[in-house]
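K.L.:
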Amino acid sequence: MGNVIRTRAFAKANLSLNVTGKKADGMHSLDSVMMSLDVFDTVTVAERADKEITVRFVNARVDGENTAFKAARAVQRVIGGNGWDITVEKRIPMGAGLGGSSADGAAVLRALDVMYKLPQRGADMRALALSVGSDVPFMLTGGLARVGGVGEDLFFIENKLEIFIVGLMAESVSTSAAYAKFDAMYGGDGVCPIDNDKLCDSLLAGDAAALDALGNALYAPAVELAPSIARNARMLAEAGARVNMTGSGGMVLGYFSDVEKFAACARELKNEKGFAVFAPAKTGVLHERL
Numbered sequence: 196m197g198n199v200i201r202t203r204a205f206a207k208a209n210l211s212l213n214v215t216g217k218k219a220d221g222m223h224s225l226d227s228v229m230m231s232l233d234v235f236d237t238v239t240v241a242e243r244a245d246k247e248i249t250v251r252f253v254n255a256r257v258d259g260e261n262t263a264f265k266a267a268r269a270v271q272r273v274i275g276g277n278g279w280d281i282t283v284e285k286r287i288p289m290g291a292g293l294g295g296s297s298a299d300g301a302a303v304l305r306a307l308d309v310m311y312k313l314p315q316r317g318a319d320m321r322a323l324a325l326s327v328g329s330d331v332p333f334m335l336t337g338g339l340a341r342v343g344g345v346g347e348d349l350f351f352i353e354n355k356l357e358i359f360i361v362g363l364m365a366e367s368v369s370t371s372a373a374y375a376k377f378d379a380m381y382g383g384d385g386v387c388p389i390d391n392d393k394l395c396d397s398l399l400a401g402d403a404a405a406l407d408a409l410g411n412a413l414y415a416p417a418v419e420l421a422p423s424i425a426r427n428a429r430m431l432a433e434a435g436a437r438v439n440m441t442g443s444g445g446m447v448l449g450y451f452s453d454v455e456k457f458a459a460c461a462r463e464l465k466n467e468k469g470f471a472v473f474a475p476a477k478t479g480v481l482h483e484r485l
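Numbering (the working numbering), first residue to last: 196 to 485.
Written as structure tokens, this is what we have:
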């Protein structure tokens, strides 16, 4: 077997998501606290003898250009050389707000960095990641971080709070549609419901009050697009969870610091559509050489 790297690319949750404004290029600037989750896609990258780049999804249909291809092409533009066969096995739910697409792009960047030591060949890893997607710089490292701007500002934090998570998802939500609905509802104004200073301080202190400081500026727009989000939020809250939608939806997450209350919620809701359980992960991408 030639040069082959297999990766695990972990999902993310937005503990908070403030939209601070809209830039001239149409991108929205954010102030968000992101945390890696223990569900992952498996992304395998194998070097080819020619310059072609192929991407195959073994258990999902992904139409059009995808972030795995976009990441590989961005690297190839910098270092040249051969192409790659990329295989993606999806486990991160799609259209959920869990960053599955960004995780795949981050995984390809990590695999190619392991293969070629990209910074030594003139590649700026942060710039490459941003060119693939605004969540990709965080996903490349993972853990817990406060993320600002369009993904370029990262401040990593040690999470000292034990967290257990139940998720429900009945409908997917398009990220572009959610932001379009946000613009229709709020114009170019920022919406900042969460005190992220307080949230970060509480997580660093291991204080369960952090779970009372969650929120998402995209919640109302997403509910307009997928009303099941509100229903799922109510069910999780009634089961004792501190609730927040992740990303632009459509998954709603219920957070617990008490494992027994978490287990009771999971038993109560296990037959609901899109049910899943998660725990925090400490990294964004793991790799092995085959």
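The beta carbon of each residue, even a glycine, is placed where N, CA and C say it ideally should be.
Just so it is clear, the structure is predicted and the values come from calculations on it, not from any experiment.
#1: Pick from 273, 262, 212, 292: whose alpha carbon is nearest that of residue 282?
#2: May I have a chain-ordered list of the beta strand (DSSP E) segments no shorter than 3 residues that lie completely inside the stretch 402–444?
#3: Would you say residue 221 lies against chain C (beta-carbon separation less than 8 Å)?
#4: Quick check: does the Cβ of residue 250 come within less than 7 Å of any heavy atom belonging to the ligand ATP?
#5: I need the DSSP call for residue 467, collapsed to helix, strand or coil.
#6: Cβ atoms of residue 270 and residue 307: under 8 Å apart, would you say?
#7: Of the residues 234, 443, 408, 206, which one's Cα is nearest the Cα of residue 388?
#8: Give the C-beta separation of residue 299 and residue 236 to the nearest angstrom, bearing in mind that I take them to be a contact with Cβ-Cβ under 8 Å.
#9: Would you list the one or two residues that DSSP bridges to residue 475?
#10: Please list the segments of the alpha helix (DSSP H) lying wholly inside the stretch 317–371, counting only runs of 4 or more residues, in order along the chain.
#11: Quick check on the DSSP output: the beta strand (DSSP E) that includes residue 200 runs from which residue to which?
#12: Is DSSP giving residue 257 helix, strand or coil here?
#13: State yes or no: is the C-beta of residue 478 within less than 8 Å of the C-beta of residue 338?
#14: How big is the Cα-Cα spacing for residue 359 and residue 414?
#15: With a CB to CB cut of under 7 Å and the five nearest residues on each side skipped, what residues in its chain are close to residue 373?
#16: Do residue 240 and residue 377 count as a contact pair if the criterion is CB distance below 8 Å?
#17: Between which two residues does the alpha helix (DSSP H) holding residue 268 run?
#18: Using 8 Å as the Cβ pair cut-off and three pairs as the minimum, do the stretch 316–323 and the stretch 453–467 touch?
#19: On the three-state DSSP scale, how would you describe residue 227?
#20: Is it true that the CB of residue 288 sits closer than 8 Å to the CB of residue 295?
#21: Looking at the structure shown, is residue 293 part of a helix, part of a strand, or coil, going by DSSP?
#22: Measuring alpha carbon to alpha carbon, tell me which residue in 465, 398, 379, 382 is nearest residue 356.
#23: Please list, in chain order, all residues of the same chain as residue 452 whose beta carbon is under 7 Å from its beta carbon, the five residues on each side excluded.
#24: Count the other CB atoms within 10 Å of the CB of residue 333; is the residue buried (16 or more) or exposed (fewer)?
#25: Quick check on the DSSP output: the alpha helix (DSSP H) that includes residue 485 runs from which residue to which?
#26: Where do the N-terminal and C-terminal ends of the alpha helix (DSSP H) with residue 392 fall, by residue?
#27: Just checking my contact of residue 229 with residue 340 at CB under 8 Å: how many whole Å lie between their CB atoms?
#28: Could you give the distance in angstroms between the alpha-carbon of residue 440 and the alpha-carbon of residue 232?
P.N.:
Well, looking at it:
#1: When only C-alpha atoms are compared, the closest one is 262.
#2: The qualifying runs are 437–440.
#3: Any reference to chain C falls outside this structure, which holds one protein chain only.
#4: Ligands in the displayed structure: none, and consequently the ligand ATP is not present.
#5: Coil.
#6: Yes, Cβ-Cβ distance for residue 307 and residue 270 is below 8 Å.
#7: Among 234, 443, 408, 206, the Cα nearest to that of residue 388 is on 408.
#8: By a beta-carbon distance limit of 8 Å, residue 299 contacts residue 236. Their separation comes to about 6 Å.
#9: Answer is 232.
#10: Correct list: 320–327, 331–336.
#11: Boundaries of the beta strand (DSSP E) harbouring residue 200: 199–217, taken from the DSSP string.
#12: DSSP places residue 257 outside both helix and strand once states are collapsed to three, so it counts as coil.
#13: Cβ distance < 8 Å, so residue 478 and residue 338 count as in contact.
#14: Each residue's Cα considered, the two are about 21 Å apart.
#15: Leaving aside the five residues that flank residue 373 on each side, the residues in its chain whose CB is nearer than 7 Å to its CB run, in chain order, 413, 416, 417, 420, 443, 444.
#16: No; because the gap between Cβ atoms is not below 8 Å, this pair is not in contact.
#17: Here the alpha helix (DSSP H) through residue 268 covers 262–274.
#18: Touching, no.
#19: If DSSP states are grouped into helix, strand and coil, residue 227 belongs with the strands.
#20: Yes.
#21: The three-state reading of DSSP puts residue 293 in coil, since its state is none of H, G, I, E or B.
#22: It is 398 whose Cα lies nearest to the Cα of residue 356.
#23: Correct list, in chain order: 356, 357, 358, 403, 406.
#24: Classification for residue 333: buried.
#25: Counting along the chain, residue 485 falls outside any alpha helix (DSSP H), and DSSP gives it neither H nor E.
#26: That run of the alpha helix (DSSP H) goes 391–400.
#27: Distance from residue 229 to residue 340 at the Cβ level is roughly 6 Å; contact confirmed, criterion being Cβ atoms closer than 8 Å.
#28: The straight-line gap from Cα to Cα measures roughly 14 Å.
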